[in-house]
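Colleague: One structure coming up, written as C-alpha cells, with questions to follow.
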Amino acid sequence: MTLELKQIGKTVGGDTHIYPTDLVLEPGRFNILLGTTLAGKTTLMTLMAGLEKPGSGQIFFNGRNVTGQPVQKRNVSMVYQQFINYPSFTVYENIASPLRVARLPEPEVRARVERIAELLRISGLLERRPDELSGGQQQRCAMARALVKDSDLILLDEPLANLDFKLREELREELPRLFAERDRVIVYATTEPTEALLLGGFTATMHEGRITDFGPTGRVYRQPRDLGTARVFSEPPLNTAEVLVLDGCCRLAGNLTWPAPAGLGNGPHVLGLRPHHVSPRREQADRVALESRIRVAEIAGSESIIHFDVHGAHWISQVHGVHPFEPGSAAVLYADMSRAFYFTPDGKLASAPAGHRPAGGL
Amino acid sequence: MNGKIVNQKAWFFVIPVLLLVSFNAIVPLMTVINYSVQETFGDNVFFWSGLTWFQEILRSERFHAALTRQAIFTGAILAIEVPLGVAIALAMPRKGIWVSVCLVLMALPLLIPWNVVGAMWNIFALPNIGLLGKGLNALGFDYNYTRQVGDAWFTLILMDVWHWTSLVVLLAYAGLVSIPDAYYQAARIDGASRWAVFRHIQLPKMRRVLTIAILLRFMDSFNIYTEPVVLTGGGPGNATTLLSIDLVKIALGQFDLGPAAAMSLIYFLIILALSWIFYAVMTRNEEQ
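This is the structure in C-alpha cells:
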C-alpha cells in the first residue's frame, strides 16, 4: 500500500492552490502535512482522497492509477476538524454507517462496531446521539467511523484543532496506537510543529501551495531544507537576521561578531534561530549579547514568550518560568549561536547546528 | 433596606412600556372578556350572561363550518408550502451572483402589502379580463372563482402559496447554508445516496429553522384575513369564509358583540393551544 502523487497540481479560477507536487507516502506510519492555514493542506488531502479532481498530474495507489476515480470507489476515510457525524443517528448507527453502505451482514457489523468502540473508549455511549456528547467524544465517534471500514487511506485533517488542551493531549497520545500499526496510508494535517514532533513519522512541510521539504520528522526539524521549511517548523516563529560571513567570522549589524560554523562560505547569509535558543538571561559564557528593547511579554502556561526589537527586527524569546518584563524597557538578549541555522540569500540551507551538514539530495 | 440604594427614577423607564403594553394588549383583551360574559340591548346597558355565549358559539354549526374551512385551508397550505419551500431551497445556488438574484426574487412577494396581494390576485384571476382567469378559460377550463367553490379554493390556496412559500424557502436556505462542506464530503466518502444526504444530514440540520417556519406559517394562516377578504370576500356564498372573516361578519356586520367576543376568545385559545402542541411535538426529540 503506497500512495504516490506525480506532478499533482490544482488551480481554481486562476489561483494556484497546489503547485505540481511529487510525493510518495508509505503505510504504517504517520505522514504529517505541516503548514499554516491556507498552505494547501486540506486541498492536497481532498486531491489524495479523490474528492476533487487534480488539474494536472496523476495519483497512483499501489502502482495502480486512480487519478480519475471518484472517492466512493477508492476506499478512503477522512476525519475533519469539525466533528462530522450524522446528527440524527446514534453513535452506534454512525459508526455502522460505512458498513451499512457496504451491505455487511448484521452480526459482523455489530462485532466490528463494538470492537472499534472499545478501542476508542466510547463503548458506553453507543446509544447516544452526537449532540449529547462532548467535543472529544464526538471526535472519537468520527474517528471510529473512519477506522471501522478497512480503508486503504485515512486522512486526518487537523482532527484535534477544535478540542481543548487537555482532550487534545489525551487523544494525541492515543493516535499512534490507533492508526500507525495498521497497513494503510495515514495522512495527518496539522498547523502545530509540536504535534508533528510528538507524532513522529514523516513530515511534509507546506507553504503557499508547495511542499518545501519531506522526510523523517526529526530530520526535517533539525535540518530543514530551506528557510521556508524552518519557518513552518518553528513555533513561536523563527527569529531571522541578515548576517555577513567573512573568513570564519559572522557579523551582524556592523559591530557584533561571533565565529562562523566550520565550512560556511563567505558572503551574506540569513541567520535563523528558534525562540528557545534566545534568552534574556546569560546561561553560558559563549552567548552573543544583543542590544534590544522589550515590546511585549506573554505568559503561556509555565513559559514566557517575550517579544523584542533587535536592530530593527522582531525577535521572540521563549524561556521556562514566569518572568516579569516591562514593555518598552531596554534589555540584553543572549543568543546561543551554536544552535543557529544559516541560509543562503535565496533561502537554501547552508549550515545546520551541531555539525550537521545538509545531506545531499534531499 | 440594608443600605441598598433604591432608585425610584427607574419607574420613569418602566412606566411608558407598562402603559404601552396595557393599551395594546391587556386593555383590549379585558374588553373582549368583558363583552363575552354580558348581554346588551344597546344604550350601553349590560346584563350578566355567564358562559351563555361560549356555549352558543361552541354549539353553532356556523362556527363548526368556519373552523373546518380554516383547518382545511391551513392544512393545505402547510402541506404544499413546507415541502415546496424546502425543495426550492435545495435547488437554489450556494455560491456566485445568482445567490443574490434568487434571494431578492424570493423576498419580493413578502414585501407586498397584504391587501395589494389580494387585489392583485382578484384581478389576475378574473375570468373575463385577468391573465390567469382568461388564460385558464382559453385553455378550455371552466374557471370562475367568484361562482364556483372549487375554483375559489384553488385561487385562494394558490395565492397563499405564491405569497408565503418564500418565507419557508428563506428559512430553509439559511439552515442549508449553515451546514459545513465537510458533511457533504463525508457523505461522499461513505458513498451515501442523494436521498440519504437529504434525510440524514440536511433535514436534521434544518430542523430548528423548519420548526420556526411551520409555526409561523401555522399561526399566520390561521389568522389570515386581508387577502381572502379582498380576493373572494368569503364567497361564493360562505364557501371561503374562514374563521377571521366569520368573526368580522358577526362583530361588525351583525354587531353581536357578546357572541363575537366569545368567538374571539375561543379562536385565540385554539391558536394558542395548537401552537403549543406543534412546538411541543417538534421539539420533543431534542429534549429526550
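Going down the list, the protein sequences come from chains H and P. Residues 1 to 362 (the numbering used here) are what the first sequence spells out, left to right. Residues 1001 to 1288 (the numbering used here) are what the second sequence spells out, left to right. Using N, Cα and C, we set each Cβ at its ideal position, and we do this for glycine too.
What's the gap between the Cα of Ile-211/H and the Cα of Lys-41/H?
Modeller: 10 Å
Colleague: So, is Pro-1016/P buried or exposed, given that buried needs 16 or more other C-beta atoms within 10 angstroms?
Modeller: exposed
Colleague: Determine whether the Cβ of Lys-1205/P lies closer than 9 Å to any Cβ atom of chain H.
Modeller: yes
Colleague: If you draw a straight line from the C-alpha of Met-45/H to the C-alpha of Asp-157/H, how long is it?
Modeller: About 8 Å.
Colleague: According to DSSP, is Phe-1141/P helix, strand or coil?
Modeller: Judged by DSSP in its simplified three-state form, Phe-1141/P adopts coil rather than helix or strand.
Colleague: Can you list, in chain order, the residues of its chain whose CB lies under 6 Å from that of Ser-329/H, leaving out five sequence neighbours each side?
Modeller: Correct list, in chain order: Ile-294.
Colleague: Can you check which of these residues, Arg-1188/P, Ala-1196/P, Ile-1123/P, is closest to Leu-1231/P by C-alpha distance?
Modeller: Ile-1123/P
Colleague: Taking only beta-carbon atoms, is Ile-306/H less than 9 Å away from chain P?
Modeller: Chain P, which has no Cβ nearer than 9 Å to the Cβ of Ile-306/H, makes this no.
Colleague: Is the beta carbon of Val-76/H closer than 9 Å to that of Asp-50/H?
Modeller: It should be noted that the sequence gives Gly, not Asp, for residue 50/H. Taking 9 Å as the Cβ cut-off, Gly-50/H and Val-76/H qualify as a contacting pair.
Colleague: Could you check what DSSP says for Met-1/H in three-state terms: helix, strand or coil?
Modeller: coil
Colleague: Name, in chain order, the residues that DSSP records as bridge partners for Gln-69/H.
Modeller: Bridge partners of Gln-69/H: none, in fact.
Colleague: Measuring straight from C-alpha to C-alpha, what distance separates Val-332/H and Pro-280/H?
Modeller: Rounded to the nearest angstrom, the two C-alpha atoms are 6 Å apart.
Colleague: Would you report the Cα separation of Glu-1056/P and Ala-1079/P, rounded to the nearest angstrom?
Modeller: 32 Å
Colleague: Can you look up Glu-303/H in the DSSP assignment and give me helix, strand or coil?
Modeller: strand
Colleague: Is the beta carbon of Tyr-342/H closer than 9 Å to that of Val-270/H?
Modeller: yes
Colleague: Can we say the region 174 to 191 of chain H touches the region 26 to 37 of chain H, given the rule of at least three CB pairs closer than 8 Å?
Modeller: yes
Colleague: Who pairs with Val-1281/P in a beta bridge, going by DSSP?
Modeller: None, per the DSSP bridge assignment.
Colleague: Is it right to say Thr-1068/P is buried, meaning 16 or more other beta carbons lie within 10 angstroms of its own, or is it exposed?
Modeller: exposed
Colleague: Less than 7 Å between C-beta atoms, sequence neighbours within five positions excluded: which residues of the same chain meet that for Ala-144/H?
Modeller: Ile-95, Ile-116, Ala-117, Leu-120, Ile-122
Colleague: One question on the structure: do Leu-125/H and Gln-139/H come within less than 9 Å of each other, judged by their Cβ atoms?
Modeller: no
Colleague: In terms of alpha-carbon separation, which member of Val-24/H, Gly-35/H, Ala-352/H lies closest to Leu-264/H?
Modeller: Ala-352/H
Colleague: Quick one: what does DSSP say Glu-242/H is sitting in, helix, strand or coil?
Modeller: strand
Colleague: Can you list, in chain order, the residues of its chain with a C-beta nearer than 7 Å to that of Leu-1290/P? Leave out the 5 residues immediately preceding and following it.
Modeller: Nothing about residue 1290/P can be read from this structure; chain P reaches only from 1001 to 1288.
Colleague: Tell me which same chain residues have a C-beta within less than 8 Å of the C-beta of Leu-163/H, skipping the five on either side of it?
Modeller: Gly-135, Gly-136, Gln-139, Leu-171
Colleague: Could you check whether Pro-130/H and Phe-89/H sit closer than 9 Å to each other, using their CB atoms as the reference points?
Modeller: yes
Colleague: Would you list the residues sitting across from Tyr-1173/P in a DSSP beta bridge?
Modeller: Partner(s): none; Tyr-1173/P has no beta bridge.
Colleague: Between Leu-134/H and chain P, is there a C-beta pair that is closer than 9 Å?
Modeller: The sequence given here places Ser at residue 134/H; Leu does not occur at that position. No, because no Cβ of chain P sits closer than 9 Å to the Cβ of Ser-134/H.
Colleague: Helix, strand or coil for Gln-1148/P, going by three-state DSSP, please let me know.
Modeller: coil
Colleague: Under the rule that 16 or more other beta-carbon atoms within 10 Å means buried, what is Cys-141/H, buried or exposed?
Modeller: buried
Colleague: What does Gly-1191/P reach in chain H if we use C-beta pairs closer than 7 Å?
Modeller: Gln-72, Val-101
Colleague: Could you tell me which chain P residues have their CB closer than 7 Å to the CB of Phe-61/H, listed as they occur along the chain?
Modeller: Those within 7 Å of Phe-61/H in chain P number zero; the least Cβ separation is about 15 Å.
Colleague: How is the beta strand (DSSP E) around Met-1219/P delimited, first residue to last?
Modeller: Where Met-1219/P is concerned, there is no enclosing beta strand (DSSP E), although the alpha helix (DSSP H) it sits in stretches over 1203 to 1223.
Colleague: On a Cα-Cα basis, can you pick out the residue from Ile-1179/P, Phe-1198/P, Phe-1154/P, Thr-1211/P that is closest to Ala-1239/P?
Modeller: Phe-1154/P
Colleague: Mind reading off the beta-carbon distance from Ala-313/H to Ala-241/H? Whole number of angstroms is fine, and I expect it under 8 Å.
Modeller: 6 Å
Colleague: Are Gly-267/H and Pro-345/H close, meaning C-beta to C-beta below 9 Å?
Modeller: Their beta carbons are under 9 Å apart, which means Gly-267/H touches Pro-345/H by this criterion.
Colleague: Taking 9 Å as the CB-CB limit, is Leu-126/H close to chain P?
Modeller: no
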